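Protein chains in written order, with this note's numbering: chain A, 219 to 1280; chain B, 32 to 382.
We put the beta carbon where it would ideally sit given N, CA and C, even for glycine.
Since the structure is predicted, the reported quantities are computational estimates derived from the model, not experimental observations.
Below you'll find the structure, written out as structure tokens, and then a few comments.
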Amino acid sequence: MDNKIKKVVILGSAAIKIGEAGEFDYSGSQAIKALKEEGVKTILINPNIATIQTSDYLADRVYLLPVTVDFVEKILEKEKPDGILLSFGGQTALNCGLELYDKGILKKHGIQVLGTPVETIRNTEDRKKFNQVLDEINVDYPKSKAVGSLEAAETFAGEIGYPVMMRIAYALGGLGSGVCRTKEQLVERASKAFSYTSQILIEEWLGGWKEIEYEIVRDKYDNCITVCNMENVDPLGIHTGESIVVAPSQTLSNREYQKLRGIGIRVIRHLGVVGECNIQYALDPFSEEYRVIEVNARLSRSSALASKATGYPLAFIAAKLGMGYGLHELSNAITETSAFFEPSLDYIVVKMPRWDLKKFRNVSRRIGSAMKSVGEVMAIGRNFEETLQKAIRMLGTGARGLVANEKFVTSSIEDSLSKPSDERLFAVVDAFIEGYSIEWIYERTRIDKWFLHKIKNVVDIALRLGQGENLDDSFLLEAKKMGYSDEQLAILGYKEEEEIYNMRLKAGIHPSIKRIDTVAGEYPAKTNYLYLTYEGIEDDYTEKHPDAAIILGGGPYRIGSSVEFDWCCVIAGKTVRESGKTSIMINCNPETVSTDYDEFDALFFEELTFETVREIYNKIDPAGFILSMGGQIPNNLAVRLDANGLRILGTKTEYIDRAENRSLFSAMLDDLNIMQPEWKALTDTKSALKFANDVGYPVLVRPSYVLSGAAMAVATSDLELKAFLLAAADVSNEYPVVISKFYENAKELEFDAVAQDGEIICYAISEHVENAGTHSGDATLVLPPQRTYFETERQIRITSAKIAKNLKINGPFNIQYIAKNNEVRVIECNLRASRSFPFVSKTLNKNFIAIATKVILREKQKPIRIPMYDYEHVAVKAPQFSFTRLRGADPATGVEMSSTGEVACLGDNFHEAFIKALISVGFKFPVTSILISSGPTASKAELLSSIKVISDMGMIIFATGGTSDFLTAHDIPNLKLNWPLDEEKPGVVEYLKEGKIDLVVNIPKNYNEDELTNDYTIRRAAVDYAVPLITNRQVAMRLFEALSKISKEDLKIKSWDEYSVK
Amino acid sequence: MNAKLVLENGMSFEGKAFGAPVSTSGEVVFNTAMVGYTEALTDPSYYGQLLSLTYPLIGNYGVPNEISDDITKSKWESSRIQAFGFIVSNLSDIHSHWDSDMSLDEWLKKEGIPGISGIDTRALTKVLRDSGAMLGKILINGQEVDFYDPNKDLLIEKAAVKAPVEHGKGDKTVLLMDFGCRNSIIANIVRRGFKVIQVPYNYDCSHLKYDGIILSSGPGDPARYSFMTSKIKAFMEEKKPILGICLGHQLLALTAGAKTYKLTHGHRSQNQPVIDRFSGRAYVTSQNHGFAVDKKSIPTGWISWFENLNDGTNEGLWHKNLPIRSTQFHPETMPGPVDTGFVFDEFKRCF
Ligand SMILES: Nc1ncnc2c1ncn2[C@@H]1O[C@H](COP(=O)(O)OP(=O)(O)O)[C@@H](O)[C@H]1O
Ligand SMILES: Nc1ncnc2c1ncn2[C@@H]1O[C@H](COP(=O)(O)OP(=O)(O)O)[C@@H](O)[C@H]1O
Ligand SMILES: [Mg+2]
Ligand SMILES: [Mg+2]
């Protein structure tokens, strides 16, 4: 190994976005662990404050700063590291690293790129170079051409003939890529692409071929192995991130498996990768013809999946190889045999994507070669049927498996099969139920018949039950082996779930615990990486742990629940271990650190369903569950677990229920005379309208059953309310609609705290920049509050204390408040960790979760005074949106959450922290030209003064119709641009396309669901042409002020520890 | 039809019968390869054994026809199933592959070999791992059979060809001592432009003309075949290039005066790491053996060419001044990774 390297900088991947999710928190954390083992000093740059890798106990130094060349260069100048790791922070880190290299910055500071050399990365990222490299060793790739102009693109497409595949260099998650079936489609796609890239790739369309991936590791001695191969159930044409993926491959013969493996090793050796990489193939289903689709010369989503699927810690090993080790010098932590080997699986793994498309207005539900999914789950079992059904349940979308679901398929079976969307799998099931043949379905989906047949096996069981076949012990066992949950069987067999459970008890039908050991049992294993299966006769793990705390994880990342809960779970586990007790984790998300087998004493990679956690509980006989760390999924299990006599640690279930149940909670608030927005649950439109008029518009509407579109909306008039209730929701006694008075121009605040026996131990109040009406998950948070009355904070403190006392809280909790002229009202209260716990913990340098966990373990805690006023820094948390990837979606925020991630930065004052945070989520700084559509008259007036400020400092201001007139009337110089629909020059879209605008401020006219097309078109164009967009008035005002106060020089390069008060 | 796997230690596993409906017995061994059941079942090293696969989903891609006319294209390792029985967890009820000519079940029926499915092969593997390979029987519908210990038989007798067979053409000829050879060993030699004469282990070669010798792989305990050493000694004295593979390697070692012993953990997988002592390069290899050459007993004049990165056992020999080479692993592979084909190139270089 290379001992010249004493200090290393690691680039993170910043906020979680579609295509770059938690997997990079996992790989980054592993890299840091690997380097620390070598006594190397680690410096992490990542503004994603919710990650585990930015915890105080991992990297020696953490910079919560943008991963952009400007910032990173300054940090390098300051830290003077010997080496830098570029391949652990996804495409964000890689692109930044390449730029640093090209600008000669790394050279200038004599910093060595560890692992795969930049030239190699270049050869894999630049499709033209890549194809040349493949030619050198005559490996096949799709007929293709890298082109730099629209004309060139059209010409080549003409040559190879439509349909063609269009792709973009240096993009990830297939951004902007897709099939172009006609010239028109090509022109449209390509011109968009050229607005943010100089090179696109036109290639032969291979839709329908098998898509196969290999994860390959190589060291500097040219030792090379393939750690895992994976097969996409959805054939080529659907992005691997959008596909159901199995490991290992199921339909490849030994010849094919070894052939692709061999080619992979040849390619990777020729490229000269040092570390980990991923190669993707297209394989002809009717011959041994193949094509290499791409190589990702960095840790990727697939490599995180492969690590979890095999137990082989790819990122950890890759980091060691980067330090100069050889594979043969490293050992496999699980079996203590050599790390130079290829894992052998004795189980099958199924990965499924999690989409949240329903959350977006106007978005297309079709899936293809570009990623739209926001997260994924991984299921492990010993046959495909069992494993697939587990995976579906893990998604937490309400699906109970392949069958026994509400109707998911909205369009015709034929359509949903041939035009893939997020509902295709269920269309396959419906097709079988309708009696269509495997052949017929294959023709429309090109999903290999092997997979289709297995899906049919599951459906057949349902049909047998439907025909009234008696569910005797052997049929019951058969069904369980096919992955049926007790609930599914109950529904199909017209029984109660508990009856099925009791039948199993009597027949002694329980799952076995199996261990993942990387060697299929050939050698004894040291670790407790476990899963459950009904295809087994014995448990690999038989220990009982009366002292164990079983922590339930957060499940798949999705909108509203992401890495922040994983941080809570990992910290909780760490604390349990430190207090000498046994820590056990149950989770099913391969992107997480909490599913890293060495973070806990035992890890069950399993479902977070009542049935499964009860089975595990019964085998372990633990002290109890910790439900307050993993977000809403575990929290929702509380009542049922408790009712069945399973022990729960922390706050008592009766109180959790009192907080979750709207009427109970509201009654309690009334008793304590704590104010809350007036609300009522109503069962018909008439009374709904009446109540709305009594409390006065606007009102917030929450249907309990949503037909389509957003679950929540704000109505400003009878008209809108009627429209929404008719169009979006079904209102009845069964499905009441909750209507609450919507408070306009009210502040919103977060109260995060830990209480012990009802007494608050520590707390933090964060203020929203946006007024109430922007979902707390999309809001910009500020800590400590800058614009909140002392009196308001005092009331919040007092009110919260009352609630904590009344609910006898033991553990973490969060209360959301709205405040208007010093009156505070409670919106909701969650007796669990909230999204903002990592944010407050790290900003205040007090680990709320560690404290909460000790409380839950009944270790007496003393109240901690947090001297808000002594902090010399301000922290700002900003949301990350992924609208770029959601073609058509309206990028305006509202009461429904739509961001996919977040960052937080620290500064000496609000303005500095705010600008840093915005840059971290993609804002360009400095800004020289802004397009403003200032919305309703009220907001025009409100914005005026701050617009004046930036105008005076010489900002170029463009404005749309009304706003322009208004500004001119107040003699603010501006250039009027025409609305898209006017189709007159100079037009907004044209200016955006030509990059003449640095920033778009577009304030929606009202809360109405169907926005004016004009505004929508502008917002959409901004997103599509990668121009930063702001749709909230308060954010716009704060930003204008900040722009006028802050210059580049004011953005200080300070690490987290340089801010923290000790 | 129900079936039962019974081990000599008294343990038994309930399962479902497939393939030929006849009870059978033999030595129970496992392999952790995830693909390649066709190649494995036709590998003569499995003669007399009941093969259990740790990978649970078997039969997915069916079985391709043997292509017997041209050995370099053969998709089987010999012309028939060599294992006496097949033990799997989940037998696929469908086979889906362009190159599949029949289902695994049909194939076993045709070949008269019984199989048992629905077995927790991980549980079974843990037993075999800890107590070593042991005798067992697969009972179909309760029809009893006695335990059969293949090691009491002269297995190479059963596994090897009965009369000489010629393969390929070339101006140089390689004599292949067949102890139960795999097709792909021959294919690898033929592909390198040699003519191959494959002869039974006990064949009198005095009248044959050849330029080099291969000592093939094959089933059983090398110590049982000590009678081969005189013959092999004679070959060595001819100073012609010799390549020993697996059993061939062990017999070569015995002839040279080294000792062999039974491994506590046999090597039965496609992912065995070995390191080349000369180049320091490591390779993933396919292995299937329960005996090994004792490193300490390797006589002077020989170098331990390859060693296993997991347990440090000897994986190959290199004679200091004669063109004699051998490997414990299978450079020809099938099933398995194809990384060590260079061993055959080295053999060719020796001419
Ligand atoms: N030539 C092609 N024909 C059809 N589909 C393709 C082709 N090339 C790629 N794809 C599909 O597009 C997806 C994204 O392409 P890929 O090169 O992997 O880009 P990314 O860098 O986003 O992973 C692939 O997963 C595959 O399903
Ligand atoms: N009565 C209200 N007046 C104004 N805004 C509200 C009101 N109730 C909720 N909101 C806004 O809607 C958002 C979501 O409401 P909330 O009840 O927190 O739903 P969720 O359970 O999805 O967090 C809040 O963050 C807040 O911005
Ligand atoms: Mg890809
Ligand atoms: Mg909320």
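Test: residue i CB closer than 7 Å to a CB of chain A
i                : result
Met165 (chain B) : no
Arg213 (chain B) : no
Gly146 (chain B) : no
Arg222 (chain B) : no
Ile306 (chain B) : yes
Leu38 (chain B)  : no
Lys35 (chain B)  : no
Gly315 (chain B) : Inspection of the sequence shows that residue 315 (chain B) is occupied by Val rather than by Gly. It does: the Cβ of Val315 (chain B) has a partner Cβ on chain A nearer than 7 Å.
Tyr77 (chain B)  : no
Asn91 (chain B)  : yes
Leu185 (chain B) : no
Gly347 (chain B) : no
Leu340 (chain B) : yes
Glu137 (chain B) : no
Glu377 (chain B) : no
Beta-carbon proximity check, residue i vs residue j, cutoff 7 Å
i                : j                : result
Glu829 (chain A) : Asp691 (chain A) : no
Ser300 (chain B) : Thr73 (chain B)  : no
Thr745 (chain A) : Asn341 (chain B) : no
Val919 (chain A) : Ile957 (chain A) : yes
Asp136 (chain B) : Phe49 (chain B)  : yes
Closer than 7 Å at the beta carbon, the chain B residues around residue i
i                : result
Asn601 (chain A) : Pro87, Leu88, Asn121
Gly739 (chain A) : Thr85, Arg153, Thr156, Lys157, Arg160
Trp668 (chain A) : Asn91, Ile125, Ser127
Glu661 (chain A) : Result: empty, since nearest Cβ-Cβ is about 15 Å, beyond 7 Å.
Within chain B, partners of residue i - CB distance below 9 Å
i                : result
Ser562 (chain A) : Thr63, Ala64, Met65, Thr85, Tyr86, Ser300, Gln301, Asn302
Chain B contact for residue i (CB, 7 Å cutoff)
i                : result
Val555 (chain A) : The question names Val, but residue 555 (chain A) in the sequence shown is Thr. True, the Cβ-Cβ gap to chain B drops below 7 Å.
Ile665 (chain A) : no
Trp658 (chain A) : no
Ala232 (chain A) : no
His728 (chain A) : no
Spatially closest choice to residue i from the options, by CA coordinates
i                : options                                 : result
Met383 (chain A) : A:Thr400, A:Glu369, A:Met541            : A:Thr400
Ile665 (chain A) : A:Glu687, A:Ile420, A:Ile462, A:Ser779  : A:Ile462
Thr342 (chain A) : A:Val513, A:Ala964, A:Leu312, A:Ile261  : A:Val513
Tyr815 (chain A) : A:Thr1178, A:Asp875, A:Thr458, A:Ala527 : A:Ala527
Contacts of residue i in chain A (Cβ-Cβ under 7 Å)
i                : result
Val369 (chain B) : Gln476, Gly480
Thr358 (chain B) : Simply none; closest approach about 17 Å.
Leu294 (chain B) : The contacting residues do not exist; Leu294 (chain B) stays about 12 Å from chain A at best.
Gly199 (chain B) : Correct list: empty, because the minimum Cβ distance to chain A is about 21 Å.
Beta-carbon neighbours of residue i, restricted to chain B and to distances below 8 Å
i                 : result
Pro503 (chain A)  : Trp129
Asn1220 (chain A) : Residues of chain B passing the Cβ test: none, with the nearest at roughly 52 Å.
Thr760 (chain A)  : Neighbours of Thr760 (chain A) on chain B: none; closest Cβ ~13 Å, over 8 Å.
Contact list for residue i against chain A, beta-carbon separation under 8 Å
i                : result
Glu70 (chain B)  : Asn472
Arg312 (chain B) : Tyr439, Asp440, Asn441
Mind pulling the beta strand (DSSP E) runs of 3 or more residues that sit fully within the region 98-126 of chain B? 116-118
Where are the beta strand (DSSP E) runs, 3 residues long or more, that stay fully inside the region 222-273 of chain B, in chain order? 226-231, 243-246
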